[in-house]
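Report on one structure; see the data block that follows.
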Amino acid sequence: MQRYILSRLVQSAGILIGVLLIVFFMLQMTGDPVSLMVSRNASPEQVEALREELGYNRPVMVQFFDFFTDALTGDFGMSLRHRQPSLKLILDRLPATVELAATALMFALVIGVPLGLLGGSNPNSFWDIMARGAGLIGQTIPNFWLALILIVILSVHLGWFPTFGRNTWSLFGLTLPTRSVVLPAFALGLFTTGQIVRFVRSAVLEIKNEDYVRTAYSKGLSDRNIYMRHILRNASIPLISIIGVQFGYLMSGSIYIETIFSWPGLGNLLAEAIGNRDFALVQAIAFFTSLVVVALNLLTDVAYGLADPRIRYGD
Amino acid sequence: MEKSGVKCLFTIVLLLSAMVWTAGAGPQGTLRVATTTMPNAIDLPMGSERNAHNVAWQIYNSLVWIQDDGKVGPSLADSWTVSEDGTTYTFKLRKDVKFHNGEPFNADAVVYTWNRGKQDSMQWKEKFAVAKSVEKIDDYTVRVTTEGPSPLLLRIMAEFWAIIPPKHHQKVGENGFLNHPIGTGPFVFKEWKKGDRIIFEANPNYWEEGYPKVKTLVFRPIPESSTRLAAISAGEIDIVTRLSSEEAKSLKNRKNVKLISYTVDRVYYITFNNLTSGKGKPTENALVRQAMNYAVDVDAVIDALFDGYGRPATGYVTPGNWGYDEEIQPFGYDPEKAKKLLAEAGYPDGFEMDFACPSGAYNNFEQVCEAVQGYLGAVGVKTNLNLMESGKYWDLEAKKQLPPLFGDSWSEATGEALPRLKGALGGKNANFSAWSDPEIDRLLEEIGKTVDDDARAKLYVELQRYMQKNPPFIYLYEPVAFEGINPGVKDYRPRPAENYYLKYTSIDS
């Protein structure tokens, strides 16, 4: 187990180095941000001076080496636009994104698992049609489009939810979400909901024809007992890996949703940073989200062993 | 029925008496304003664009400000005198002003603000460097000198020189000031949740009697325009800006939203190049450039892409700018004349040229460029249009590496076209310029040192007429801004550069 985790850690580090390389050189290919940082009336000398001050006139490899060694120590440089350390800006925005991604995942699970279970256990029933429909719609409707429709109907016409922004309330020093998270989380979690419904449904269909399920029935166990202890438990192992991957996707895939709902999270910050060619900040966010995805994958693999004692690693 | 009528009457009486009771009780209510970006700093020399500046001006003052009638008026300076050669300005400062933290406003603060603003690390340092020196004569007298006569000095001061408290700034440093800005303005900084909201409170000791009118001012960034539309429709925000004409149309029948529109001081244009990529090309001939202006049907573009909202540009000086030539007419659409001029210039069969436009930067501008391409093609000028991501585009524009024909737009907040003219026509000395013409250079230099307003206006007129015979651009249009406000908002007065001062704005609750 330890050796397995160690080798996975080495692998993860390799991936992160690759991410740093790609992000850095892709940004370099778009030119440098200096001309966007000065006013339009600035003189060429002023631009050159700033370029020198920020080091964009140095050879690319030198710039990369500096960026890379700084990144290893956790220093992603100052955001060019905000003139603050990039990492601090990320950490400021992180709670909003975590709130959104976690709520989205919760929606996906609360809707997806029961619907998949109902659909899979009664093929071609009403619930199955609902499950298949939800799976199809969830995976085909573009979430930014749904977001706008939700805003128009539920916020503007019915006034049930705020149209934009994040409101929170405090209890014993804890920051807690309000209903402002509902619409963005629902829109963001839509795709994941579709995936989970489809996955659970087909897993249940498959598992319920297994020998051990028949045995359980012949023992006279109740339906409820069989579904909870035999079917769902066995379906949950691949479900864990889906949840792990999807949470990473939700954390990093919220650029559109955060922009549409003006949600003060990482996706919004990234969209703005790209628009302003805030190189340091773009690099930092790209690295940070990759880190989250890689870490979640690692955790998922480890969690396998806990969910299914038969799974052993390496040795 | 009767009962509810009585109830209703009772409510009205109650409301009325409440209104009478609260009248004159100082600032009232909360005004919620949407910004279209997230301000990077509530600080003039550091604020990267219009939204940041709009937010910032609510908590600061400069020595002078631009009044609603477009003239420069007194603010923290009571009065000022200009030396005969136009290079020395002496300001008498108000004596009754304190910063929000209680620090007194005086000449030291002015000198300190200038010294800080002109540092290399400041984004708008050249707006401070226009002054050669800023000296304290006594506690309430300041002398500002410039290299040569500088007719725009006061306007630049009004737009950028937000006076900051020296002691506080020294104590907390740049970073501390970023997180807690302090000025002398009508509102006081209270809270900034990054990316979420900025909250200001009315300054109870504001030096202008009777202002501000609202108690709390909240700015919320909403980058997506359809969300701004939803937010104003749902009544969650009181002022939204930068709506498209289609979005504005959809608001027309809503009772809870009042629509505002005005022409923006911004010119859209396709520029020619005679500095780098356009050297030796047919467009160096003025007849060809005139022909290309006649070839484009700007009215049709405005009708088709902006629902008819927009004004065909008559040049690079807009009607709101000082020295606008009232007699000047747009080129108009005349493809026959365009062909004739091309033939006269020696290109009866037209020619081919590369053409670039930024994408994702301006409302419908990609389509505008495609239309221009079509119109030019119709008179024989074949263009290869390249739409580029705007960040990359502006980088290339500043390095003068764009094709010989490219599109862009330029706004101006000072009320005079000079910075825009110098920026786009300054030749090699200007970053975003692709054009140089000795006659234009001469006129710009004259304008830049003529302090007398009427004489300067005459020079502007001369320049506009020259620039129509020798157009450095295909003049396109000045856009119309659409904004939606809560009907309870009174005295919101947006200006042509899409800027505003909210001290006199009030809101009925």
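If you're matching them up, the sequences are chains X and L in order.
Under our numbering, the first sequence is numbered contiguously, ending at residue 315.
Under our numbering, the second sequence is numbered contiguously, ending at residue 1509.
Ideal placement from N, C-alpha and C gives every residue a C-beta, glycine not left out.
Please read these numbers as outputs of a predicted model, since none were measured by experiment.
Burial is judged here by how many other beta carbons sit within 10 angstroms of a residue's own beta carbon; Glu1236 of chain L has at least 16 and is buried. Assignment of Arg1197 of chain L by DSSP, reduced to helix, strand and coil, places it in the strand class.
In this structure, Gly120 of chain X and Ile196 of chain X do not form a Cβ contact; the two beta carbons are roughly 12 Å apart against a cut-off of 8 Å. In this structure, the CA atom of Leu190 of chain X is about 12 Å from the CA atom of Tyr249 of chain X. For Ile1137 of chain L, DSSP assigns no beta-bridge partner whatsoever. Considering only beta carbons, the part of the segment 1413 to 1440 of chain L lying closer than 9 Å to chain X consists of Pro1419, Arg1420, Lys1422, Gly1423, Ala1424, Gly1426, Lys1428, Asn1429, Ala1430, Asn1431, Phe1432, in chain order. Fewer than three beta-carbon pairs drawn from the segment 219 to 236 of chain X and the segment 144 to 157 of chain X are found closer than 8 Å, and the two stretches are therefore not classed as touching. In summary, Ser1075 of chain L is buried, with 16 or more beta-carbon neighbours lying within 10 Å of its beta-carbon over all protein chains present. Ile1302 of chain L and Pro1312 of chain L do touch by the CB rule: their CB atoms are close to 7 Å apart, below 8 Å. In this structure, Lys1098 of chain L keeps its C-beta atom at 9 Å or more from the C-beta atom of Trp1080 of chain L. Shown here, Arg83 of chain X sits in coil according to DSSP, grouped into three states, outside any helix or strand. Three or more Cβ pairs drawn from the segment 1215 to 1232 of chain L and the segment 1024 to 1034 of chain L lie within less than 8 Å of each other, which places the two stretches in contact. For Met1046 of chain L, the chain X residues whose Cβ falls inside 9 Å of its Cβ are Arg83, in order along the chain. Against chain L, a Cβ distance below 8 Å from Pro142 of chain X picks out nothing, because the smallest value is about 14 Å. In summary, Trp1435 of chain L is buried, with 16 or more beta-carbon neighbours lying within 10 Å of its beta-carbon over all protein chains present.
Selection X:Phe164, X:Leu221, X:Ile129 evaluated against Arg198 of chain X yields X:Ile129 as nearest (Cα-Cα). The beta carbon of Leu89 of chain X sits closer than 7 Å to those of Ser79, His82, Leu269, Leu281, all from its chain and outside the five residues before and after it, given in chain order. Below 8 Å, enough C-beta pairs join the segment 1258 to 1276 of chain L and the segment 1402 to 1411 of chain L to call them touching: three or more. Against chain L, the beta carbon of Glu53 of chain X has neighbours under 9 Å at Asp1120, Ser1121, listed in chain order. Look at Ala203 of chain X here: in three-state DSSP terms it is helix.
Residues of chain L whose Cβ lies closer than 8 Å to the Cβ of Ser262 of chain X are, in chain order, Arg1220, Pro1221, Ile1222, Pro1223, Glu1224, Thr1227.
Within the same chain, and ignoring the five residues on either side of His1100 of chain L in sequence, the residues whose Cβ sits closer than 6 Å to its Cβ are Ile1182, Val1188. Counting the other CB atoms within 10 Å of its CB gives Trp1410 of chain L a total of 16 or more, which places it among the buried residues. Scanning L:Tyr1504, L:Lys1071, L:Val1288, L:Pro1212 for the CA closest to the CA of Gly1380 of chain L turns up L:Val1288. In chain order, Glu272 make up the part of chain X whose C-beta sits under 8 Å from the C-beta of Thr1037 of chain L. For Arg224 of chain X, DSSP records no beta bridge to any residue. Contact of Gly1176 of chain L with chain X by beta-carbon distance below 9 Å is absent, the smallest such distance being about 12 Å. Interface residue (Cβ-Cβ distance to chain X less than 9 Å): Leu1396 of chain L is classified as such. Between the segment 1437 to 1447 of chain L and the segment 1236 to 1246 of chain L, the count of Cβ pairs shorter than 8 Å is below three; the stretches do not touch.
Contact between the segment 1346 to 1363 of chain L and the segment 1374 to 1394 of chain L is present, with at least three C-beta pairs closer than 8 Å. Under the three-pair Cβ rule at 8 Å, the segment 1450 to 1460 of chain L does not count as touching the segment 1341 to 1352 of chain L. Tyr1492 of chain L places its beta carbon less than 9 Å from that of Ile1260 of chain L. In the DSSP secondary-structure assignment, Cys1369 of chain L is not bridged to any residue.
Close CB contacts of Ile1222 of chain L within its chain, under the 8 Å cut and outside five residues either way in sequence, are with Ala1034, Thr1035, Thr1036, Arg1228, Ala1231, Ile1237, Val1240 (chain order). Non-local C-beta neighbours of Asn1499 of chain L in its own chain, meaning closer than 8 Å and more than five positions away in sequence, comprise Arg1050, His1053, Asn1054, Trp1057, Ala1413, ordered along the chain. Annotation for Gly265 of chain X: no beta strand (DSSP E) segment contains it, and DSSP assigns it neither H nor E.
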